[in-house]
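Residue numbers (the numbering used here), protein chains in the order written: chain A, 587 to 917; chain B, 587 to 917. For each residue, glycine too, the CB sits at the ideal point set by N, CA and C. Shown next, in structure tokens, is the structure this report addresses.
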DNA sequence: TTGCCTATTGAAAACGTTTTAATTTTGTAG
DNA sequence: CTACAAAATTAAAACGTTTTCAATAGGCAA
């Protein structure tokens, strides 16, 4: 029913081997054969079945990027970087979402076990690090935008601890001493690292850590709103708030603006990620920028390199971040 | 080197056929065999190679969602709907991005021709409708969030013309008679439809159409900012602005707020999509809400149904939209 | 002419599954 | 016991490619 390489061979009066060679641009084939095959392909409207090819070659030239959801808009830059790197070596990047469900993440990793893709990049994995680490011994897996506490898997990320330190220190440098922190209930390594950076900055400035000033929630704007509300209802209010994501910060600032708090003066805000909306929302948000595109590009380059070797690179690469200063810190 | 079904068969002392049947839960196999096979699978850490399976079965149980980029955050709801529908029939949804390049869109459709996926959903296609329509005759393709001017392909969308009409009419109902329109340079069908709705609303209210009031740009916030600036520098300024996306509206409102224009009074704004940030930005944006999740769910349900039949459904389904009224229209 | 090397070609094996068709085993009724 | 149906099993074919290996054709030197 479907047109196969056999049909093309028949139409072009050559063997299937020759057709295959023409299709793959092998050099040891006569000009006539090339012409005949191409004509036949054209006439029949043939396109090769990759299932056959992939099976025979035992490779798919596809890499799967596994993410929680596409909602985090800054993923788009990461993915762009990944695609650009993949393109160079003829790979395609496919994306699948886990909805932050570890079980579904495992299901998607099944595409790797079952050879439906050649490699996987986990963006913000939810599975425990032991599991991932074990799998990475048998399969080509890399992690991006995160790192594992187990240190034997290819990671491309930023130094989140340092970034948390930098942001918090900046607020301290602005004379603030009661700095709130809004972070996530979910103990992702990046959140933990950012919190640790926050702590270290306090310690470095001899400010005692006050657990009251930490609010735990989700990754969304509502968390920011509720967090800000809670922190501002403390007897001893904060004079600055660092959040581990811009989305949270925007929600938090939203609360402040609506309650007549002068952002950038009474209360400073520092976010994380530099999402597109962070400079649309007024007052504009100061934030930590991470090199999204570059992280994506780098992780795929390294992963593809790993596919070609038996001694995979298991390093953790930390790319440089930077602080973007805007109105929310009074800049 | 890799563990195959043969190894399992040997270890379990049965034939590969039996192993296959156990793995696929076929009923005509003895309890002992099931035990033996499962034990062997466990011991060897075997997982089936889908390339072999897919080739033999001529199906992959995978559907590819092709989008421009993941930046448009409201896609995430659509994709969630798609996944939920896919899950019911044991399909996986994979996502690939075209970066709005028709050529790359065609490349990705290659996964369909080459049988790497069973079907494709195009979210906002960039290829011309003739091409897509032709392809849909040979392959299982559906369109979501858009429609084609050629009407012979499965589409799930909203009535964008009607939505444009509704939004504009609402502004007119608020006493506005100079209504600006910010839309896209790119002539996507949805943009065109929304514009047509805008026109029809003007006509229905006996307001002459003024081409000066239309600004063409991109899908981003910058376009909104520039568009608003340009429209407000007219001798005869608008008293309301309808944009074909929230992102644009937010950029536009941003300009207005910064230039001391009282949004919701001097100037009304109406957006489109009801993205998450549209109620975070103050003043809050009135907008057209489309049923994202439902569109995604529906399109995949219909597509899967089409895969099972020789007489595919080529209808266009228009799901209901609604108006969300907030501060930007003085509500 | 003969022999040999090179360039091109094709037949067949291989990739790892599922499924068909044939065979063996089991169970049951007579 | 025997006969026969039903159940379980297997060998082998099939899916559509790529690749190996052997074979053929062509060119050229001797």
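- Restricting attention to alpha helix (DSSP H) runs no shorter than 4 residues, the region 878 to 911 of chain B encloses them at 878 to 893, ordered along the chain.
- For residue 657 of chain A, the nearest CB of chain B lies under 7 angstroms from its own CB, placing it at the interface with that chain.
- Secondary structure in the region 687 to 753 of chain A: the beta strand (DSSP E) runs of 3 residues or longer, each lying completely within the stretch, are 705 to 709, 727 to 730 and 741 to 744 in chain order.
- The shortest C-alpha to C-alpha distance from residue 589 of chain A to any of B:764, B:700, B:886 and B:752 is the one to B:700.
- Between the alpha carbons of residue 724 of chain A and residue 658 of chain A lies a distance of about 30 angstroms.
- In terms of Cβ geometry, residue 706 of chain B and residue 727 of chain B form a close pair [threshold 7 angstroms].
- At a C-beta separation below 8 angstroms, residue 685 of chain B has these neighbours in chain A: 666 and 669.
- Here the alpha carbons of residue 767 of chain B and residue 799 of chain B stand approximately 6 angstroms from one another.
- Residue pairing for residue 875 of chain B: DSSP places it in a beta bridge opposite B:908.
- Contact note: residue 701 of chain B reaches chain A through 635, 636 and 637, using a C-beta cutoff of 8 angstroms and chain order.
- Assignment of residue 801 of chain A by DSSP, reduced to helix, strand and coil, places it in the strand class.
- Remark: three or more beta-carbon pairs, one from each stretch, lie closer than 8 angstroms, so the region 756 to 774 of chain B and the region 810 to 830 of chain B are flagged as touching.
- By DSSP's assignment, residue 829 of chain B forms a beta bridge with B:768.
- At least one beta carbon of chain A lies nearer than 7 angstroms to the beta carbon of residue 640 of chain B.
- Under a criterion of Cβ atoms nearer than 9 angstroms, the residues of chain A adjacent to residue 867 of chain B are, in order, 836, 840, 863, 866, 867 and 868.
- The beta-carbon of residue 807 of chain A is placed less than 7 angstroms from the nearest beta-carbon of chain B.
- Taking CB atoms only, residue 853 of chain B has no neighbour in chain A less than 7 angstroms away.
- Note that the C-beta distance between residue 777 of chain A and residue 830 of chain A is below 7 angstroms.
- Per DSSP, residue 813 of chain B is one residue of the alpha helix (DSSP H) stretching across 807 to 818.
- Checking the DSSP bridge columns, you'll see residue 651 of chain A partnered with A:681 and A:707.
- Under the three-state reduction of DSSP output, residue 783 of chain A falls in the helix class.
- Per DSSP, the unbroken alpha helix (DSSP H) holding residue 638 of chain B starts and ends at 636 to 643.
- What residue 662 of chain B touches in chain A, judged by beta-carbon distance under 7 angstroms, is 655, 656 and 657, going in chain order.
- For residue 676 of chain A, there is no enclosing alpha helix (DSSP H), as DSSP marks it with neither H nor E.
- Under DSSP, residue 853 of chain B shares a beta bridge with B:849.
- For residue 843 of chain A, the closest Cβ of chain B is nearer than 7 angstroms.
- The beta carbon of residue 685 of chain A is closer than 8 angstroms to those of 654 and 655 in its chain, skipping five residues each way along the sequence.
- Interface residue (Cβ-Cβ distance to chain B less than 7 angstroms): residue 680 of chain A is classified as such.
- In this structure, residue 866 of chain B keeps its C-beta atom at 7 angstroms or more from the C-beta atom of residue 892 of chain A.
- Counting the other Cβ atoms within 10 Å of the Cβ of residue 642 of chain B gives fewer than 16, which makes it exposed.
- Within a 10 Å sphere around the beta-carbon of residue 736 of chain B sit fewer than 16 other beta-carbons, which makes this residue exposed.
- The C-alpha of residue 903 of chain A is placed about 33 angstroms away from the C-alpha of residue 632 of chain B.
- A straight line joining the alpha-carbon of residue 611 of chain B with that of residue 885 of chain B spans about 30 angstroms.
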